[in-house]
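Counting in the numbering used here, the sequence shown tops out at residue 963, every number present.
Read through the structure below, which is laid out as structure tokens, and then see the notes.
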Amino acid sequence: MSFSWQEWVAAACFLVSVWLLARNRPSGWWIGLIGSALYIWIFSVVWLPGEILIQVYLALTSLWGIWVWLRGGAMHEGRPVGRASRRLMVWTSAIGLVAWALLYWAFSTVAGRVPFWDSLTTVISFIAQIYLVMRLVESWHLWLAVDVIYIPLYASRGLYVTAGLYAVFLVLAWQGLKNFEREWAEDRAAGRSTNTGARPGVQS
760 MSFSWQEWVA
770 AACFLVSVWL
780 LARNRPSGWW
790 IGLIGSALYI
800 WIFSVVWLPG
810 EILIQVYLAL
820 TSLWGIWVWL
830 RGGAMHEGRP
840 VGRASRRLMV
850 WTSAIGLVAW
860 ALLYWAFSTV
870 AGRVPFWDSL
880 TTVISFIAQI
890 YLVMRLVESW
900 HLWLAVDVIY
910 IPLYASRGLY
920 VTAGLYAVFL
930 VLAWQGLKNF
940 EREWAEDRAA
950 GRSTNTGARP
960 GVQS
């Protein structure tokens, strides 16, 4: 089935959204909300339950991200770029493995077409989004991994525009990683906290 303009608009929204977020701009969250709404409809037609769940989650966390990036932190002026603690990574990895097993079983039960990969990308995307809302450098490591999986997954379902979009996302995720690493290093060199407080001059 061809989705014509709906898929193109959704792809464009996410392209602009990721481009802005990779440059540490909160306005990317707003544009992502529009893309999520369109993709919820698209994925309900081709029946990728994991992707539907992801888009609902992305819409909700986009609202959370807007607040954290603009009003989070100790001074309520926006959370700065930081690094994930070892404890956070251990906990999210453990929870992620359990969630992956449960989702694989659930998607297999409801006749998901690619339950293994669908469940895996769902879990990684959930964790990556939380990390991104928290403005953590490691969020881009996870997005790089999931984008590599998404490209052939979407192509196999005939969503070639979306597959191409995720190829671009792969490049943007790499740029986002470099931008976040640079900002974190600058904050650290300047003696600014990378866990709480605000980073002045964040563009919208």
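C-beta: ideal position from N, C-alpha, C; glycine also.
Nothing here was measured: the structure is a model prediction, and the numbers come from that model.
Neighbourhood of residue i by C-beta, 7 Å cutoff - its chain only, sequence neighbours within 5 removed
i      : result
LEU774 : LEU924, VAL927
ILE883 : LEU901, ALA904, VAL905
ARG782 : ASN938
ALA770 : VAL920, THR921, LEU924
PHE802 : GLU810, ILE811, GLN814
Those residues which DSSP pairs with residue i across a bridge
i      : result
LEU895 : GLY841
Minimum C-alpha distance to residue i - residue among the options
i      : options                        : result
VAL907 : TRP933, ALA781, TRP800         : TRP933
TRP876 : VAL920, TYR919, LEU912         : LEU912
ALA843 : SER821, GLU942, MET893         : MET893
SER898 : GLY935, ARG916, VAL804         : GLY935
ILE858 : VAL805, PHE885, VAL869         : The sequence given here places Ala at residue 858; Ile does not occur at that position. When only C-alpha atoms are compared, the closest one is PHE885.
VAL840 : LEU829, VAL849, ARG846         : LEU829
THR880 : THR868, VAL896, ILE910         : ILE910
TRP823 : TYR890, LEU918, TYR919, VAL920 : TYR890
ARG845 : GLN888, ILE801, LEU895, VAL805 : LEU895
VAL768 : LEU847, THR921, ARG916         : THR921
MET848 : THR868, SER821, ALA887         : ALA887
Span of the alpha helix (DSSP H), counted from its first residue to its last, around residue i
i      : result
ARG916 : Element bounds for ARG916: n/a, residue is neither H nor E.
VAL804 : 786-805
Test: residue i CB closer than 8 Å to a CB of chain B
i      : result
ALA922 : No chain B appears in this structure, which consists of one protein chain only.
Neighbourhood of residue i by C-beta distance below 8 Å, restricted to the same chain and skipping five residues each side
i      : result
ILE825 : PRO785, TRP788, TRP789
PHE866 : PRO808, GLY809, PRO874, ASP877, SER878
Spatial neighbours of residue i in its chain, beta-carbon cut-off 6 Å, leaving aside the 5 residues before and after
i      : result
VAL777 : PHE928, LEU931
ARG916 : VAL805
- Query: Are the stretch 785-794 and the stretch 935-950 touching by the rule of at least three beta carbon pairs closer than 8 Å?
  - Reply: Result no; under three Cβ-Cβ pairs closer than 8 Å.
- Query: Taking one C-beta from the stretch 802-821 and one from the stretch 839-853 each time, how about it: are there three or more such pairs within less than 8 Å?
  - Reply: Not touching, per the Cβ criterion.
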